[in-house]
Amino acid sequence: MRLCTTGIAFLLLGCAPSAQSDGGASGSQVSRASICAAPTPEARVKIEINAERMASICRADGKGDCLYTFSNGKTFVYGQPDFDGDGRPDYLIKDYSGAYGMHDVVHFMGYANCSDGTFVKVLDDFLSDVRVKDKGKAKGWLDLEVSRSCFDDKVGDVISRRYVLSFDSKKSAYGAPNADPRLAKYCSGFELALPPRSEGN
């Protein structure tokens, strides 16, 4: 089934940006404190996890409605990697609350754990899978191996490709796949022209 790009565009409003950095400090030089100090109050969230590993994510200041709740039952913990190697586990969340047109396309969100118990979003993308690429990295933000699936009209089927996501210090979030701004837009013409299962080069 073909993906609804209008729905995706709407869902991506307010998401963490994913553009290539054109300079600035490297990901290894960006501290958790600076990531947590920068966001506006509405960007700080509290995350609760129940026995079924479902996630409830609400604004830390208690204002507004929660976007993701236990009652919806569609937001789950996928993993708890230490994104920046500071010893505190973070959250990688799978969100099934939207209708994306294909079951193998999932809304993934990554949240960095701040010292006061709140979290800040550092990853927001539509992906098929996410894996930590460099678990043994001593310091700095982990790279993530990801796959994305797009429906290709030319072949009439879903095509999957693999990429690496690196932390973009300028955006204080994970950047575009393979640090290529041409891949920032999900299932763009550029992406569809790449070979299947490519590394995006």
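Position in the sequence shown counted from 1, then plus 3, gives you this note's numbering. Think of the CB as a built atom: it goes at the ideal place given N, C-alpha and C, for glycine as much as any other residue.
Minimum C-alpha distance to residue i - residue among the options
{"i": "residue 177", "options": "198, 165, 147 and 45", "result": "147"}
{"i": "residue 149", "options": "191, 131, 162 and 160", "result": "131"}
{"i": "residue 66", "options": "48, 53 and 192", "result": "48"}
{"i": "residue 94", "options": "76, 75, 116 and 74", "result": "116"}
{"i": "residue 100", "options": "78, 114, 83 and 119", "result": "78"}
{"i": "residue 164", "options": "194, 125, 126 and 184", "result": "194"}
{"i": "residue 190", "options": "175, 173, 161 and 174", "result": "161"}
{"i": "residue 167", "options": "108, 182, 62 and 174", "result": "182"}
{"i": "residue 62", "options": "173, 121 and 125", "result": "121"}
Rounded Cβ spacing between residue i and residue j (contact assumed at less than 8 Å)
{"i": "residue 128", "j": "residue 111", "result": "6 Å"}
{"i": "residue 98", "j": "residue 91", "result": "Contact flag wrong, Cβ pair sits at about 22 Å."}
{"i": "residue 44", "j": "residue 64", "result": "5 Å"}
{"i": "residue 123", "j": "residue 46", "result": "6 Å"}
{"i": "residue 144", "j": "residue 87", "result": "5 Å"}
{"i": "residue 3", "j": "residue 60", "result": "With the chain running from 4 to 204 in the structure shown, residue 3 is simply not present."}
{"i": "residue 179", "j": "residue 186", "result": "5 Å"}
Assigned exposure category for residue i - 16 Cβ within 10 Å defines buried
{"i": "residue 157", "result": "exposed"}
{"i": "residue 171", "result": "buried"}
{"i": "residue 199", "result": "exposed"}
{"i": "residue 56", "result": "exposed"}
{"i": "residue 169", "result": "buried"}
{"i": "residue 51", "result": "exposed"}
{"i": "residue 53", "result": "exposed"}
{"i": "residue 40", "result": "exposed"}
{"i": "residue 192", "result": "exposed"}
{"i": "residue 113", "result": "buried"}
{"i": "residue 152", "result": "buried"}
Residues that DSSP places opposite residue i in a beta bridge
{"i": "residue 97", "result": "79 and 111"}
Closer than 9 Å to chain B by CB, residue i
{"i": "residue 48", "result": "In the structure shown, chain B does not exist; there is a single protein chain."}
**Item:** 3 or more residues per run - each beta strand (DSSP E) lying fully within the segment 111 to 177
**Value:** Counting whole runs of 3 or more residues, the segment 111 to 177 contains the beta strand (DSSP E) stretches 122 to 130, 132 to 135, 147 to 155 and 160 to 168.
**Prompt:** If you scan the segment 45 to 92 from start to end, which runs of the beta strand (DSSP E) of 3 or more residues do you find wholly inside it?
**Reply:** Counting only runs of 3 or more, we get 47 to 52, 58 to 62 and 78 to 82.
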